[in-house]
């Protein structure tokens, strides 16, 4: 007769599992990474640097940040809380104001011929500007674009921009292309 | 009455612990699946700013990290209190970034190189000077996809 094999004691199983649990708790993190994504402009050869003077002044929205974290927008000091509203007005130019960006008729899928404004936002900062404020400004400008896109999506399809399918999103992107240009860095504010 | 109390002092049976390992394993698997390994030991203090218009970073394996912030207290003596750059586990200079990006690229498949993102984890009190230098250096090596790492939240003005 074969002898019955004795049970393997499983009392320590819990301890091993606990030990592994604690190891994973300590050595891992849960934070998901999120942030504002941007594309840097490709490097330009030295001899080709020419400040883009060809863009008409009415089409450019100039945002300057100085080393004391103060904002100057289109030649006027501004508080950051107003930036989004003003940027939206600039981008959309609802009343075809001659001081705001001009529009060209473009053919856009779903919309047919649609006046698209030629807006560009130019962002310049000093070396002494704090990173926190810079990100806030980037965020406000991105918010301006996103709100406009959302509003258009609501008008056209009654949905939020994020809920549209890819073709519809591309169409809206054509109408409100996100054009934030950052100037080649300059050092205005004295010492580094 | 007393119908249910059939006399005698019965001992309370011990609570069975045989399901304890199962419970712990369940927790263990949860943590194994939902967390990621810490990337590096931080040597600088990084308190990223808040923003609302954020996107999640996908494909963590294709992300390289650059940390910028003030050195932690224990390194303050050797490295000062000005914001510094940290790559991998050590302090670095702006000119080391090209090498760092190059070595990150070599670890990846050739096809994936254009998809690689550089995540800038910068302290909100750092100055743009150092960030601009880093960005210029990234442009030189054509690492153009960047992500300003932020927390989700509403901003304070």
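Chains as they are written, first to last, in my numbering: chain H, 1 to 192; chain A, 193 to 349.
Where is the CB? At the ideal position from N, CA and C, for every residue including glycine.
Delimiting residues of the alpha helix (DSSP H) encompassing residue 312(A): Note, residue 312(A): premise wrong, no alpha helix (DSSP H); beta strand (DSSP E) at 309 to 314.
request  = Using a Cβ-Cβ cut-off of 8 Å, state whether residue 161(H) counts as contacting chain D.
outcome  = Within the model displayed, chain D is absent; protein chains H and A are what it includes.
Going residue by residue through the region 203 to 246 of chain A, where are the continuous alpha helix (DSSP H) segments of at least 4 residues, counting only ones entirely within it?
Every alpha helix (DSSP H) of 4 residues or more that sits fully in the region 203 to 246 of chain A is shown, in chain order, as 212 to 226.
- Message: On the criterion of 16 or more Cβ atoms from any shown chain inside 10 Å, does residue 294(A) qualify as buried, or is it exposed?
- Response: The residue in question, residue 294(A), is exposed, as its Cβ has fewer than 16 Cβ neighbours within 10 Å.
Within 8 Å, strictly: CB atoms of residue 87(H) and residue 144(H):
In this structure, residue 87(H) sits near residue 144(H), with a CB-CB distance shorter than 8 Å.
* To do: Kindly list, in the order they appear in chain A, the residues whose Cβ is closer than 8 Å to that of residue 73(H).
  => The premise fails here: residue 73(H) is roughly 15 Å from chain A at the closest Cβ pair, so nothing lies under 8 Å.
inquiry  = Just to confirm my understanding: we take residue 190(H), look at its own chain, exclude 5 residues before and 5 after, and list those with CB closer than 7 Å. What are they?
reply    = In this predicted model, residue 190(H) has a pLDDT of only 46, less than 50, meaning its place in the structure is not dependable enough to derive any value.
Could you confirm whether any beta carbon from chain A is found closer than 8 Å to the beta carbon of residue 77(H)?
no
*Using a cut-off of 8 Å between C-beta atoms, extract the partners of residue 339(A) located in chain H.*
Residues of chain H passing the Cβ test: 33, 35, 36, 37, 38.
| query | Mind pulling the chain H residues with CB within less than 8 Å of residue 315(A)? | reply | 131
task = Mind listing, in chain order, the continuous alpha helix (DSSP H) runs of no fewer than 4 residues lying wholly within the region 148 to 179 of chain H?
result = Taking only runs of at least 4 residues, the alpha helix (DSSP H) segments lying wholly in the region 148 to 179 of chain H are 166 to 175.
Exercise for review: Quick one: give me the first and last residue of the beta strand (DSSP E) that residue 72(H) is part of.
Suggested key: 71 to 73
Practice prompt. Please list the residues of the region 260 to 281 of chain A that have a C-beta atom closer than 7 Å to any C-beta atom in chain H, keeping them in chain order.
Written response: Taking 7 Å as the Cβ-Cβ cut-off, the region 260 to 281 of chain A has no residue approaching chain H.
Exercise for the section: Could you check which residue in 84(H), 76(H), 110(H), 38(H) has the C-alpha nearest to that of residue 172(H)? Expected result: 110(H)
### Query
Looking at chain H, which residues of the region 227 to 238 of chain A have a Cβ within less than 7 Å of any of its Cβ atoms?
227, 228, 229, 230
Q) In the DSSP assignment, what residue or residues form a beta bridge with residue 125(H)? A) Residue pairing by DSSP places residue 125(H) opposite 65(H) in a beta bridge.
**Q.** residue 192(H) classed as buried or exposed, judged by whether at least 16 other C-beta atoms fall within 10 angstroms
**A.** Legend: pLDDT at residue 192(H) = 39, less than 50; position of this residue unreliable, no value from coordinates given.
Original post:
Got a sec: is the Cβ-Cβ distance from residue 254(A) to anything in chain H below 8 Å?
Top reply: no
For the region 206 to 221 of chain A, which residues have a CB atom closer than 8 Å to at least one CB atom of chain H, in sequence order?
209, 210, 212, 213, 216, 217, 219, 220
Chain A residues whose Cβ lies nearer than 9 Å to that of residue 5(H): Residues of chain A passing the Cβ test: none, with the nearest at roughly 19 Å.
If you run the structure through DSSP and keep just helix, strand and coil, what is residue 120(H)? strand
* Mind pulling the chain A residues with CB within less than 7 Å of residue 125(H)? -> 320
### Reference residue 131(H); option with closest CA among 236(A), 241(A), 205(A)
Among 236(A), 241(A), 205(A), the Cα nearest to that of residue 131(H) belongs to 241(A).
Using only the alpha-carbon positions, how far apart do residue 19(H) and residue 28(H) sit? CA-to-CA, the gap between residue 19(H) and residue 28(H) works out to about 14 Å.
Q: List the residues of chain H whose Cβ lies closer than 7 Å to the Cβ of residue 246(A), in chain order.
A: 34, 35, 36
#### Entry: With 16 other Cβ atoms within 10 Å as the buried cut-off, status of residue 279(A)
buried
* Could one say the Cβ of residue 225(A) lies closer than 8 Å to chain H's Cβ atoms, at least one of them? -> no
- Query: So what does DSSP say about residue 321(A), is it helix, strand or coil?
  - Reply: helix
Taking the alpha-carbon of residue 120(H) as reference, which of 107(H), 156(H), 74(H) has the nearest alpha-carbon?
Proximity to residue 120(H) across 107(H), 156(H), 74(H) peaks at 74(H), based on C-alpha coordinates.
task = Find out if the Cβ-Cβ distance for the pair residue 216(A), residue 14(H) is shorter than 8 Å.
result = yes
Going by other Cβ atoms of all chains shown within 10 Å of its Cβ, with 16 needed for buried, is residue 142(H) buried or exposed? buried
**Prompt:** Per DSSP, what kind of secondary structure is residue 25(H) in: helix, strand or coil?
**Reply:** helix
Quiz item: Of the choices 225(A), 214(A), 209(A), whose alpha-carbon is the least far from that of residue 24(H)?
Solution: 225(A)
*asked:* Just to make sure I have the definition right: I need the residues of chain H whose C-beta is within less than 8 Å of the C-beta of residue 241(A). Which are they?
replied: 131, 132, 135, 136
Q.
For residue 213(A), count the other beta carbons within 10 Å of its own beta carbon; 16 or more makes it buried, fewer makes it exposed. Which is it?
A. buried
Check your understanding: Looking at the C-beta of residue 192(H), does it have a partner C-beta in chain A at a distance below 8 Å?
Key -> Note on residue 192(H): pLDDT 39, under 50, position unreliable in the model; the coordinate value appears next. In terms of beta-carbon proximity, residue 192(H) lines the interface with chain A, with at least one pair separated by less than 8 Å.
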